[in-house]
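By UniProt numbering, the letter at position 356 of the sequence shown is numbered 356, and the numbering carries on one by one without gaps.
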Amino acid sequence: MAPAAHASLATGVPVYALACIDEDHVVYVGGGGAGRSGVANVVSVAQLEAQDAVPSIRAVGTLALSSQEDAPMCVDVDASRAHIVCGINAPGAQMQAGTNDHVRVYTYEARDGQVRVQPKTAAPSLALKDPEHYQKTCTLSPDGRLLAVASTDGQVQLHRYPSLEPVFSPHTGVLSLGEEVYGTDFSHDSKLLAVTLASRIVLLSTTPRTVDGTTPSFLPRIVQTIAQPQIGSGLQGTFRVARFGRGPIYEGARTHALYALLHAPATKGSKARPSYVAMWDTETWSLRSSRAVSQRPATVLAVSPNGRLLAVGASDLNLTVLRALTLQPLLQVRHAHDFPPTCLAFSPRSGVLISGSADATLRMTVLPPNLVPSNLISDEIIFAAFFVVVLLMALLIPYFVHE
């Protein structure tokens, strides 16, 4: 596989989530949580230098948060409004009293080589009263109009953005799915929301159901549920995270892909617990293909903005980059962190992969420019050529058989 240049940053805190602000900046969040651990809770920004022969990454802004509150566990960025959105639990006593404005919005501003982060607003969303549970996800839709949040106790809510008004009707409250939510992701057109649980992937419509064709009813509407498929040895795997593709499955196709990480069940007497990445067609919801990516459980999955690459991080401490169309491995970064990666993202132009870990490091990997085929030999051309060959074989084989 092709080599890749990289650089690392010692963050001083466990990194739980990250998101790209632009091609040159990434926001990361984490910390020691509530208490006197001595490890701060932060929302921080790092600058990436990927154009030089030797890439570099450095911290350019940090907002220290209250040590009485939980550490931020999820983050997303609205670059059009210069907003950072996080999930942070209030202090335990406030939560138990029913006050928990855990959806936090911050603004950021770049000036004189530094990035200043400031609080903007906070709002409640999920009925989180037990300090053991927290907001696991915050995901902005591609059109910037919706924010999805979900929790470790299985609650899901949609908000209009930036007003943070709940989308679901007040009498409905939140959608409860009964088990921990591992991830949320919107489709490219913002019309579907994928909610990942260990047992299934639930696909929600983001448009309201109408009653009698006139009165909008904003009830949670499940349009599809993907059950655990059989993988590897034929046993059912458990889901870890799902991400929508960011382009057609092939040139001219109307359908897109949904990718998911799955873990094989543990088997007696074996230390291996393989993980797989699988791809579904979002029109038929049929499983198109799957591939083993590690002999250990995978932890994170990212899809490049150009739709051509996937990246997987696993508990074997490695990062693997795959071609989205075929699931072919293209690059592996060995021992990227000392602990399993907790978060992963591509830069907006898809040329840099950024990962974070609870080992208090952030890593940038500059992907080789020839990692994917050039425009002259693209994934789509390869697929079209393969289709033509198969079609010719189907037409010619009966002819030779009769001869």
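Backbone N, C-alpha and C define an ideal beta-carbon position, used for all residues, glycine too. Bear in mind that the values here come from a model prediction, so they are computed numbers and not experimental data.
{"Query": "Per DSSP, cross-strand counterpart(s) of Glu109", "Result": "Arg116"}
{"Query": "DSSP bridge partner residues for Gly307 (one or two, in chain order)", "Result": "In the DSSP output, where bridge partners are listed per residue, Gly307 has none listed."}
{"Query": "Span of the alpha helix (DSSP H), counted from its first residue to its last, around Ala93", "Result": "Gly92 to Gln96"}
{"Query": "Residues bridged to residue 408 (per DSSP)", "Result": "Nothing about residue 408 can be read from this structure; the chain reaches only from 1 to 403."}
{"Query": "Alpha-carbon to alpha-carbon, Asn306 and Asp24", "Result": "17 Å"}
{"Query": "Outcome for Ser141 when other beta-carbon atoms lying within 10 angstroms are tallied against a minimum of 16", "Result": "buried"}
{"Query": "Spatial neighbours of Arg200 in its chain, beta-carbon cut-off 8 Å, leaving aside the 5 residues before and after", "Result": "Thr225, Ile226, Ala227, Gln228 and Phe239"}
{"Query": "Any 3 or more C-beta pairs closer than 8 Å across the stretch 102 to 113 and the stretch 76 to 92", "Result": "yes"}
{"Query": "Run of the beta strand (DSSP E) containing Thr137, from where it starts to where it stops", "Result": "Gln135 to Leu140"}
{"Query": "C-alpha distance - Phe244 paired with Leu193, whole-angstrom precision", "Result": "9 Å"}
{"Query": "His133 vs Thr121 beta-carbon contact at 8 Å", "Result": "no"}
{"Query": "Whole-angstrom distance between Ser205 and residue 405, CA atom to CA atom", "Result": "No information on residue 405 is available, as it lies outside the stretch 1 to 403 that the chain covers here."}
{"Query": "Contact check, Phe339 vs Ala311, beta carbons under 8 Å", "Result": "no"}
{"Query": "When Val241, Asp70, Leu63 and Gln157 are compared against Pro119, the one with the closest alpha-carbon", "Result": "Leu63"}
{"Query": "Sequence-distant residues of the same chain with beta carbon closer than 8 Å to Ala40, five excluded per side", "Result": "Gly12, Val13, Gly31, Gly32, Ala64, Leu65 and Ser67"}
{"Query": "Nearest-angstrom beta carbon gap, Ala336 and Ser275 [assumed within contact, 8 Å]", "Result": "The Cβ separation is near 16 Å, so there is no contact."}
{"Query": "Extent of the continuous beta strand (DSSP E) run through Trp280", "Result": "Ser275 to Asp281"}
{"Query": "At least 3 beta-carbon pairs within less than 8 Å: the stretch 41 to 50 vs the stretch 351 to 366", "Result": "yes"}
{"Query": "Contact set for Met393: own chain, Cβ-Cβ below 6 Å, skip 5 residues either direction", "Result": "none"}
{"Query": "Of the residues Arg209, Ala272 and Ser187, the one placed nearest Trp280, counting alpha carbons only", "Result": "Ser187"}
{"Query": "Where Asp52 falls, given that 16 or more other Cβ within 10 Å makes a residue buried", "Result": "exposed"}
{"Query": "Exposure label - Ser347; buried when at least 16 CB within 10 Å", "Result": "buried"}
{"Query": "Start-to-end residues for the beta strand (DSSP E) that takes in Met73", "Result": "Here Met73 belongs to no beta strand (DSSP E), and DSSP marks it neither H nor E."}
{"Query": "Straight-line Cα distance separating Gln332 from Tyr259", "Result": "19 Å"}
{"Query": "Identity of the residue in Asp78, Val77 and Glu69 nearest Pro91 by Cα", "Result": "Glu69"}
{"Query": "Coil, strand or helix - Val39 by DSSP", "Result": "coil"}
{"Query": "For Arg81, the nearest candidate out of Gln96, Ile21, Leu128 and Asp112 (CA to CA)", "Result": "Ile21"}
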